[in-house]
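Residue numbers (our numbering): -9 to 763.
C-beta atoms are modelled at their ideal positions from N, C-alpha and C, and glycine is treated no differently.
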């Protein structure tokens, strides 16, 4: 790293000039000693809109500009949709249309670009008559030209229009629709480093939301430039800062952390979808991307189910104060001022730290950590603590992306392997050419590129390809530069992946836990494992090896045709954990690895209930000599291990879960749910010849009295009791359950006194131990 000269730095304000856009940037730079320059003399440029390419070509690590070529892949509404749709299509080709990777990209509404998609729009409208549509100009801001369409047939057939599915069930604040404005900073293009500002705004519509009043834009649009004209509104433009918004969510009983974890994942994937466009344009135009950064204003809608959606991405987001003095204006000004101050510090606008030419993993890591130390209220989205979670979404991560991820992640993510894409290989004598079957172009390869292609398409990683080239060059008179060879290999692979000739192989994932998974538990989206709970089986789809390891106790070998008729379970890998889909129903989101097994057992156990039955998730002790009799044991906590260690030496089998009905007397149906070990690991239940059991006694594990009262047993069982729809038992069932417990022999089982436990079991079920050891 080198220190810059002490010459006074100059800033340049250009583009669609407005004092409200320039003020905070100008004040921030003048406070740092910079002085006004012009289009020919500047080291820090602030441009509203898109500057001419000549200005981009001035970029260096000491000449900083707030834009980069290729940003229209995000900031044009039509291009944003195409970027995201292309990423989703690519993930579908690699992992399957129902894969967790594709599900993770379900956060942007379907869009149709006019006039090319006009007929596809009409077909979509015919297939879903109740669907609503919104018309937007492809390249406009401040709400200009936006309106709802009552009939998709009214969509214009001219260019520069976009028709989008309208999300007509929004979450509301005091009955008003709102959109979240989040500020995302692309601080470095290669390697990718991405941030989101901690603060932002909920922008409210000025009229209460009315689903049916499609002509009232004040009800349906949140753009402040539109709502400012609503003379009937007491507060036409209202901004609520994110701190107050999140506090309000918590007061409403919502999990704001889960919502923002999903939002942050969506923001990261949105920018990754456009990285190729940025990098290709910079390469084509000879632009040094180290001098550029991009502040984006991304608008997200939260629907009535608290699912976030990315709507649009704004170039040069407004930094003027839109809200009035009594509706959030002063706080809006404070937040935007600090946003700009933190931004110029984070991007090192006055080039106090000029990056060194060293591109080693340690140097990249140090640069990233120094940048993070300057971040202020910016939160780093990427690279996060586990950058490998995102590497698979790149067309191909660059060499620097990979090196930075390798330096930050522990254990290091697996190096990418590639496979052939839309390409046909043509061989003429000793020459190799590639025919791009998608675009109809032909690419001839020299000897070095041909060797790289053949090795890469056979699954070799960039490092092993570099090794081959290095050793093949040893016989030359000039010693090979291994670092240059590696750069050349990565560049070739990036170019070919960008053209679709190669693509990352689906197997590109962290495989450090493979040895912990049973041989039959290697489920992928295409080859499901058989997940068994309560005598029923489901087809489990997941690409997560750690999840399979935790669930191994409930996995069984499927028959050759068994999976065809099984209901599908899909584990979706989210940025903040896992989601669970059973059939078409999403039953859980944002689960930690340790929560997966217990949540699955609960969800599937309840599905095994008959009408009006109650699931009681507790222990049953069954002796092999009397397989149709059981002692019910109320568990004080979720740790099954002490009870298991106590009763198995006494000859009992520990079973879990029963289906109870108040009219069934002392007969219950045993569900035989998998046992739970610490960390949410599932343990297969012992085999049992009978599922219809006669309950001969009720015990309290580690109770403090020899004979617990029926009420004490009931209080212990109720938290583990629920109907199929998760409701707790009603008053009639609770009363009947208490009467049932009162009629049973009752005793405590001390886990630290096995002989005393044995005596009490013998007293309750003497016939069960008549031949016990």
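- Residue nearest to residue 68 within the set 3, 150 and 93 is 150 (criterion: CA-CA distance).
- A direct Cα-Cα distance of roughly 12 Å separates residue 589 from residue 561.
- Straight-line measurement puts the Cα of residue 245 at about 34 Å from the Cα of residue 623.
- Only residues of its own chain outside the window of five on either side were considered, and among them 570, 571, 589 and 593 have a CB closer than 8 Å to the CB of residue 577, listed in chain order.
- DSSP places residue 151 within a strand segment (E or B) once states are collapsed to three.
- Closest in alpha carbon position to residue 30, among 662, 49 and 262, is 49.
- The stretch 253 to 273 makes no contact with the stretch 119 to 128: fewer than 3 CB pairs, one atom from each, lie closer than 8 Å.
- Around residue 427, the same chain offers 412, 413 and 414 as residues with beta carbons nearer than 7 Å, after the five sequence neighbours per side are excluded.
- Counting C-beta pairs closer than 8 Å gives three or more between the stretch 11 to 29 and the stretch 323 to 336, which meets the contact rule.
- By the CB criterion at 9 Å, residue 194 and residue 249 fall outside the cutoff.
- Per DSSP, reduced to three states, the secondary structure at residue 359 is helical.
- With respect to residue 289, residue 277 sits apart: the two C-beta atoms are not nearer than 9 Å.
- If you draw a 10 Å sphere on the C-beta of residue 318, you find 16 or more other C-beta atoms in it, and that means buried.
- Non-local C-beta neighbours of residue 354 in its own chain, meaning closer than 7 Å and more than five positions away in sequence, comprise 181, 390, 393, 394 and 397, ordered along the chain.
- For residue 30, the three-state secondary structure derived from DSSP is coil.
- Here residue 93 has 562 as same chain residues with Cβ atoms under 6 Å from its own Cβ, once five neighbours each way along the sequence are excluded.
- In this structure, the straight-line span from the alpha carbon of residue 652 to that of residue 700 is close to 16 Å.
- Distances from the CA of residue 451 to each of 305, 405 and 4 were compared; the closest alpha carbon is that of 405.
- Between residue 44 and residue 1 the beta-carbon gap is near 18 Å, outside 8 Å, which marks them as no contact.
- Excluding its 5 nearest sequence neighbours in each direction, residue 639 has C-beta neighbours in its own chain below 8 Å: 744, listed in chain order.
- Sorting 664, 128 and 642 by C-alpha distance to the C-alpha of residue 103 places 128 at the top.
- For residue 630, there is no enclosing alpha helix (DSSP H), as DSSP marks it with neither H nor E.
- Pairwise C-beta distances place the stretch 712 to 729 in contact with the stretch 592 to 611, as three or more of them are shorter than 8 Å.
- Shortest Cα-Cα distance from residue 146 to any of 163, 161 and 106 involves 106.
- Rounded to whole angstroms, residue 314 and residue 247 show a C-alpha spacing of 29 Å.
- A straight-line Cα-Cα distance of about 21 Å links residue 369 and residue 239.
- Within a 10 Å sphere around the beta-carbon of residue 675 sit 16 or more other beta-carbons, which makes this residue buried.
- In the DSSP annotation of this structure, the continuous segment of the beta strand (DSSP E) that includes residue 683 starts and ends at 682 to 691.
- Our two residues, residue 42 and residue 36, have alpha carbons roughly 13 Å apart in a direct line.
- Setting aside the 5 residues that flank it on each side, residue 518 is surrounded in the same chain by 529, 530, 531 and 553, each with a C-beta closer than 6 Å to its C-beta; the list follows chain order.
- DSSP places residue 375 in the coil class of the three-state scheme, outside both helix and strand.
- When DSSP states are grouped into helix, strand and coil, residue 409 belongs to the strand group.
- Excluding sequence positions up to five before and after residue 272, its CB lies within less than 6 Å of the CB of 59 and 279, all in the same chain and listed in chain order.
- By the 16-neighbour rule on beta-carbons within 10 angstroms, residue 626 is exposed.
- By the Cβ-count criterion, residue 20 is exposed, with fewer than 16 other Cβ atoms from all chains shown falling within 10 Å of its own Cβ.
- Selection 384, 176 and 171 evaluated against residue 192 yields 171 as nearest (Cα-Cα).
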